[in-house]
Structures are given as C-alpha cells and as structure tokens.
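Single-structure report; data block below.
In this note's numbering, the protein residues as written are 403 to 687.
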C-alpha cells in the first residue's frame with residue numbers, strides 16, 4: 403500500500419509570493435492615492451480676537467492629481483472642514499503630465515464656491531506658457547491670485563493681512579519678497595500677517611527674515627519617503643534627508659508651516675507619506 407504524498411513545502415511559495423505582491427500593491431496605492439485630512443493649530447498672542455478659531459484649508463502640490471472624479475472626494479473633504487478661507491500654495495499643475503489649464507481653473511472655481519480662495523504659483527506653473535492667462539482665468543473663476551501683493555482678510559470685525567509671492571521661477575524683474583514685506587510695514591505698520599510662499603526650502607535663508615507671523619508653504623512633498631526620526635528621505639531636488647518638509651518649524655522667532663502636498667510629479671512616489679489635506683486653525687494665545 404503506497405503512502406499518500408505530502409505536498410512539497412516549496413509549492414506554497416508562489417502563493418505566498420503572490421499574496422505579498424498583492425499586499426505591497428495595496429500599500430503602494432494607499433500611500434499614493436488615499437487622501438489623509440490632518441488638523442493643525444497655530445496660536446499667537448498677536449492674532450486679533452476676531453480670528454480666534456479661524457479655519458484655513460491648505461491645498462498644495464496636486465500636480466494634476468485626481469481624488470475622485472473631478473476631484474469630488476477632495477472637494478467633499480474640503481466642504482466638511484467648513485473653512486473660512488482656502489489657500490492654494492502652488493503646483494496644482496504638472497509639467498510632466500502637461501496638466502490642462504482647465505483642470506486648475508475648474509478646481510479653483512469649485513473651491514471658491516466653498517470659501518474665499520487664494521492662490522500663489524509654484525515652480526510647475528511657470529513650466530507652462532502664459533502664466534498671466536492662467537491667473538486671469540483663475541480670477542474670473544472667483545479665485546484671488548496673489549502676485550507679490552497683499553490683501554486684507556476680515557472676520558468678526560477684525561482684520562489681518564494675507565500676502566502671497568510668485569515662485570522664484572517667475573519673471574526675473576518681479577517684486578522681491580523683501581520689497582513686499584517692506585510695503586506691508588510701510589502701509590500697515592505692524593499687522594498680523596500670513597505669507598503664502600510655495601518653496602519650503604527658501605524659508606531659513608530668506609522668508610524667515612520677512613517678518614510674517616506665519617509662512618505657509620508646500621513644495622517639499624513630505625520628503626517623498628518618510629522614515630522614523632527623519633524629516634523625509636529625499637527632497638524634490640534629489641538631496642538626502644531634507645528639512646522643512648512637513649508641519650511646523652521655527653527659525654529665529656519666525657514660524658513656518660509646510661504641507662506634505664497631495665500629488666506626485668514625474669516618476670516620484672510616496673511611502674509612509676499619504677497625500678495630505680491640511681486643516682489649519684488659528685487661535686489667539
């Protein structure tokens with residue numbers, strides 16, 4: 403009588419390998435396509451009382467990405483946050499995807515229907531021709547485009563300033579950030595003001611000296627791959643262990659907040675660094 407054959411152990415390996423590959427694929431999709439809404443607070447004794455509890459949604463570095471058809475998943479989460487203002491800190495378009503202008507304009511229109519929306523360019527907007535045309539169309543769609551200028555924001559009878567600068571890839575003769583900061587001080591004295599500036603890596607040497615109460619940036623993509631005890635592994639400039647890639651930073655009494663962003667550009671990808679929608683609440687300290 404012959405003995406029944408035992409299954410060879412190595413016959414299970416292909417199934418285990420397929421399962422591992424499937425789990426890796428799901429994790430990779432989750433890391434790059436699963437929207438993460440995160441809430442942050444910024445407290446300052448200089449904040450006017452009327453802005454205590456002011457809710458800001460920051461959207462940065464979409465790079466032509468889609469979260470739901472026509473970004474409906476993204477828009478739904480923005481609405482749920484109940485923002486007083488929406489800040490777009492650049493790179494909504496992507497030069498490698500050749501994002502159509504209509505993508506940015508349609509998204510801007512939908513956001514402006516939720517709350518007052520403000521936009522500054524990132525480096526990718528300047529990779530396309532006719533940036534002035536993009537700005538005009540965004541303006542017609544209800545978005546306030548800040549081109550090296552500032553505007554007042556009003557809430558509950560109080561007033562702060564919001565300034566925004568074009569990306570350094572913009573026109574060579576554009577107004578400098580220093581000139582804009584000097585205008586704020588000359589015309590407004592010493593107000594509480596926020597600065598939208600796309601490039602996180604300009605903060606330490608340049609933007610931290612301007613006098614803004616808070617600089618709000620993107621560009622760093624969270625360091626692409628986030629590992630424990632690091633501030634991201636790879637910068638968008640392909641240097642190792644960058645800083646100023648996600649969250650709050652302070653240099654010489656100046657404060658910065660950096661969004662990890664929502665999209666990917668070119669062949670980049672995210673690990674342990676999901677696409678981030680920021681809800682930032684201001685409090686009077």
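Where is the CB? At the ideal position from N, CA and C, for every residue including glycine. As the structure is a computational prediction, the values presented were derived from the model and not from experiment.
*Look at the alpha carbon of residue 642 and the alpha carbon of residue 528, and state the distance between them as a whole number of angstroms.*
25 Å
Pull up the distance between the alpha-carbon of residue 483 and that of residue 490, whole angstroms please. 15 Å
Residue 507 classed as buried or exposed, judged by whether at least 16 other C-beta atoms fall within 10 angstroms: buried
How would you label residue 443, buried or exposed, when you count the other beta carbons within 10 angstroms and need 16 or more for buried? exposed
Which class does residue 617 belong to by DSSP, given the choice of helix, strand or coil?
strand
Legend entry - Neighbourhood of residue 621 by C-beta distance below 6 Å, restricted to the same chain and skipping five residues each side: 600, 601, 602
- Under the rule that 16 or more other beta-carbon atoms within 10 Å means buried, what is residue 598, buried or exposed? buried
Q. Counting along the chain, where does the alpha helix (DSSP H) carrying residue 475 start and finish?
A. 474-483
* Looking at the structure shown, is residue 586 part of a helix, part of a strand, or coil, going by DSSP? -> helix
Q. How would you label residue 436, buried or exposed, when you count the other beta carbons within 10 angstroms and need 16 or more for buried?
A. exposed
What is the DSSP secondary structure of residue 591, counted as helix, strand or coil? coil
ask   = Does the beta-carbon distance from residue 628 to residue 594 come in below 8 Å?
value = no
Let me check one thing: in DSSP terms, what residues is residue 547 bridge-paired to? 521
Notebook entry, point to check: Whose C-beta lies closer than 8 Å to the C-beta of residue 569 among residues of the same chain, with five residues either side of it excluded?
Noted result: 492, 522, 523, 524, 525, 527, 528, 600, 601
(request) Give a yes or no on whether 8 Å exceeds the smallest Cβ distance from residue 682 to chain D. (result) Given the protein chain composition of this structure (a single chain), no chain D is represented.
- Within its chain, find whatever has a CB closer than 6 Å to the CB of residue 561; leave out the 5 residues flanking it on each side and keep chain order. 554
Problem set entry | For residue 554, three-class secondary structure by DSSP | strand
Check: Where does residue 645 sit, in a helix, a strand or coil, going by DSSP?
Finding: coil
Open item on the list: Give me the residue from 592, 637, 625 with the minimum Cα distance to residue 615.
Closed with: 592
For my contact list, residue 460 and residue 567 are in at a C-beta cut-off of 8 Å; report their separation, rounded to the angstrom.
About 16 Å separates the two Cβ atoms, so there is no contact after all.
- Out of curiosity, what's the CA-to-CA distance linking residue 479 and residue 486? 14 Å
Taking residue 656 as part of the beta strand (DSSP E), name the residues at either end of that continuous run.
656-660
Exercise. Residue 580 and residue 631 look like a contact to me (Cβ under 8 Å); what is the Cβ gap, rounded to whole Å?
Worked result: That belief does not hold up - the Cβ atoms of residue 580 and residue 631 are roughly 35 Å apart, past 8 Å.
Q. Cβ atoms of residue 557 and residue 453: under 8 Å apart, would you say?
A. yes
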